[in-house]
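Read left to right, the sequence shown gives residues 1 to 291 (the UniProt record's numbering).
We put the CB at the ideal spot given by N, CA and C, even for glycine.
Computed from a prediction, not measured in an experiment: that's the story for all the values here.
Notes follow the structure.
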Amino acid sequence: MSKLVLSIDGGGTTTKFCLLESQNNKIVYESIVEYGLNLTATTIKQQLIVLNEIKNRINHFFETQNDISTVICSVSGAGNEKRKKNFENLVKALFKVHVIVLSDIEALRLLLLREKPGIIVICGTGSIAISNRGTRVGGWGHLFGDEAGAFRIVLEIIERYCDYIDGIHDYDPVFDSLKFFYGFSSPYELTNLQLRKDFKSKIASFASSIPLTDLTKHVIESQVNRFTLKVRQLAKKENIKDIYLFGGMFKNEYFKNTFQQKLEDFNTEVVDKKLHVELGLNVKFFAEEPH
Numbered sequence: 001m002s003k004l005v006l007s008i009d010g011g012g013t014t015t016k017f018c019l020l021e022s023q024n025n026k027i028v029y030e031s032i033v034e035y036g037l038n039l040t041a042t043t044i045k046q047q048l049i050v051l052n053e054i055k056n057r058i059n060h061f062f063e064t065q066n067d068i069s070t071v072i073c074s075v076s077g078a079g080n081e082k083r084k085k086n087f088e089n090l091v092k093a094l095f096k097v098h099v100i101v102l103s104d105i106e107a108l109r110l111l112l113l114r115e116k117p118g119i120i121v122i123c124g125t126g127s128i129a130i131s132n133r134g135t136r137v138g139g140w141g142h143l144f145g146d147e148a149g150a151f152r153i154v155l156e157i158i159e160r161y162c163d164y165i166d167g168i169h170d171y172d173p174v175f176d177s178l179k180f181f182y183g184f185s186s187p188y189e190l191t192n193l194q195l196r197k198d199f200k201s202k203i204a205s206f207a208s209s210i211p212l213t214d215l216t217k218h219v220i221e222s223q224v225n226r227f228t229l230k231v232r233q234l235a236k237k238e239n240i241k242d243i244y245l246f247g248g249m250f251k252n253e254y255f256k257n258t259f260q261q262k263l264e265d266f267n268t269e270v271v272d273k274k275l276h277v278e279l280g281l282n283v284k285f286f287a288e289e290p291h
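Given below as structure tokens:
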């Protein structure tokens with residue numbers, strides 16, 4: 001067997017990875033860990049748990065990991081150099097091989113745009129957009145921004161539910177789905193979400209099960225409107241017409257249609273790529289790029 005490349009895509013709620021043979025780009029193993037690697041929402045201890053799970057799964061199928069020559073990672077929240085370096089050192093200490101770490105938005109920019117004019121938009125747990133020149137909007141995190149990301153959308157629905165309990169908001173069927181999803185019998189049990197270390201990913205996870213009701217439509221439209229204003233401003237500033245959409249929120253048909261309608265005077269395309277696979281296939285390109 002030729003040398004292997006371990007390719008990891010760590011999002012807000014899941015971490016996907018695969019092993020590829022470097023000579024023929026053949027995928028020899030692929031899996032998913034049901035826990036995110038967002039560097040703004042996880043501690044080093046939590047990151048180590050995910051990385052060890054990846055290592056253990058690999059060791060279960062291969063007697064030795066000595067055949068791994070490179071680990072390449074695309075991770076949410078790696079736009080900050082200090083967080084990125086800390087994570088890189090963590091991966092190096094565990095796998096003891098050459099390591100490449102990029103933020104998810106930077107990886108997509110390099111993969112999809114190279115020198116081509118365009119904007120990459122990610123709406124997953126959070127939200128961010130970046131142009132081919134590297135100019136970005138959004139990506140401020142769950143406290144200061146992330147409009148149209150799963151966390152902010154679900155958070156607003158939770159806030160409306162709390163308003164309903166307090167008597168200042170009308171009932172909406174999404175509240176029943178919310179209670180069922182999180183399994184609480186008393187409304188006040190919902191506050192326990194704030195005590196979880198993974199509260200950001202736990203809150204965001206409801207977005208994949210969210211029913212389409214009057215309230216959810218209103219929240220989605222409001223969040224999308226605010227974020228697309230930022231994307232429009234970036235496109236106008238750099239005279240860009242092509243916008244590429246990526247991330248879990250675009251699997252929601254209503255969200256996707258609303259987003260594209262708000263940008264109907266641009267060329268928008270939903271990108272359906274396995275980032276963890278694309279990273280491995282293009283590892284030589286990323287090794288030569290400054291990052």
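Rounded to the nearest angstrom, what separates residue i and residue j at their Cα positions?
i, j, result
"glycine 11", "aspartate 172", "30 Å"
"serine 208", "tyrosine 244", "21 Å"
"isoleucine 168", "glycine 118", "44 Å"
"aspartate 265", "leucine 48", "44 Å"
"leucine 90", "serine 177", "39 Å"
"phenylalanine 286", "glutamate 106", "11 Å"
"lysine 45", "arginine 83", "14 Å"
"aspartate 166", "valine 231", "36 Å"
"lysine 96", "isoleucine 68", "9 Å"
"leucine 275", "glycine 79", "17 Å"
"glutamine 261", "serine 185", "39 Å"
"leucine 4", "phenylalanine 199", "35 Å"
"cysteine 18", "glutamate 278", "10 Å"
"aspartate 242", "lysine 55", "39 Å"
"residue 335", "glutamate 21", "Given that the chain is displayed from residue 1 to residue 291, the structure contains no residue 335 and the question cannot be resolved."
"tyrosine 182", "alanine 204", "12 Å"
"tyrosine 164", "leucine 190", "14 Å"
Can residue i and residue j be called in contact, C-beta distance under 7 Å?
i, j, result
"serine 127", "aspartate 146", "yes"
"threonine 14", "isoleucine 32", "yes"
"phenylalanine 175", "tyrosine 188", "no"
"residue 296", "arginine 109", "As displayed, the chain neither begins before 1 nor continues past 291, which places residue 296 out of reach and without an answer."
"threonine 125", "alanine 150", "yes"
"cysteine 219", "isoleucine 153", "In the sequence under discussion, the amino acid at residue 219 is valine, which differs from the cysteine named in the question. In contact: valine 219 and isoleucine 153 (Cβ atoms closer than 7 Å)."
"threonine 268", "valine 224", "no"
"isoleucine 122", "phenylalanine 246", "yes"
"leucine 51", "glycine 77", "no"
"valine 283", "isoleucine 72", "yes"
"glycine 36", "serine 201", "yes"
"threonine 228", "leucine 263", "yes"
Take residue i as the anchor and find which of the options has the nearest alpha-carbon.
i, options, result
"isoleucine 240", "Asn89, Asn86 and Glu115", "Glu115"
"serine 74", "Lys82, Ile68, Phe62 and Phe87", "Phe87"
"lysine 85", "Val71, Val101 and Lys96", "Val101"
"threonine 70", "Ile120, Thr43, Ser76 and Leu6", "Leu6"
"arginine 57", "Glu30, Leu48 and Leu37", "Glu30"
"lysine 273", "Ile54, Leu112, Val99 and Ala93", "Leu112"
"glutamate 253", "Val174, Tyr188 and Pro211", "Pro211"
"glycine 248", "Asn282, Thr228, Ala235 and Val271", "Val271"
"lysine 256", "Lys236, Glu238 and Lys217", "Lys217"
"asparagine 132", "Ala235, Gln23 and Glu288", "Ala235"
Around the C-beta of residue i, are 16 or more other C-beta atoms found within 10 angstroms, so that it is buried, or is it exposed?
i, result
"glutamate 34", "exposed"
"glutamate 159", "exposed"
"alanine 93", "exposed"
"asparagine 192", "exposed"
"aspartate 214", "exposed"
"phenylalanine 180", "exposed"
"aspartate 9", "buried"
"threonine 43", "exposed"
"lysine 16", "buried"
"asparagine 25", "exposed"
"asparagine 59", "exposed"
"phenylalanine 206", "buried"
Could you spell out the range, first to last residue, of the beta strand (DSSP E) harbouring residue i?
i, result
"histidine 98", "98-103"
"leucine 245", "242-246"
"serine 74", "68-75"
"glycine 267", "The sequence as given places asparagine at residue 267; glycine does not occur at that position. Where asparagine 267 is concerned, the enclosing beta strand (DSSP E) stretches over 267-270."
"leucine 20", "15-21"
"aspartate 176", "It is not in any beta strand (DSSP E) - aspartate 176 instead sits in the alpha helix (DSSP H) that spans 174-182."
"alanine 129", "127-131"
Closest Cβ-Cβ distance between residue i and chain B: below 7 Å?
i, result
"asparagine 25", "Chain labels in this structure do not include chain B; a single protein chain is all it has."
Can you find a heavy atom of the ligand HEM that lies under 6 Å from the Cβ of residue i?
i, result
"phenylalanine 184", "Among the components modelled here there is no ligand, and therefore nothing to report on the ligand HEM."
Can you tell me where the alpha helix (DSSP H) with residue i in it begins and where it stops?
i, result
"leucine 111", "No alpha helix (DSSP H) contains leucine 111, which DSSP labels as neither H nor E."
"serine 222", "214-238"
"serine 201", "199-204"
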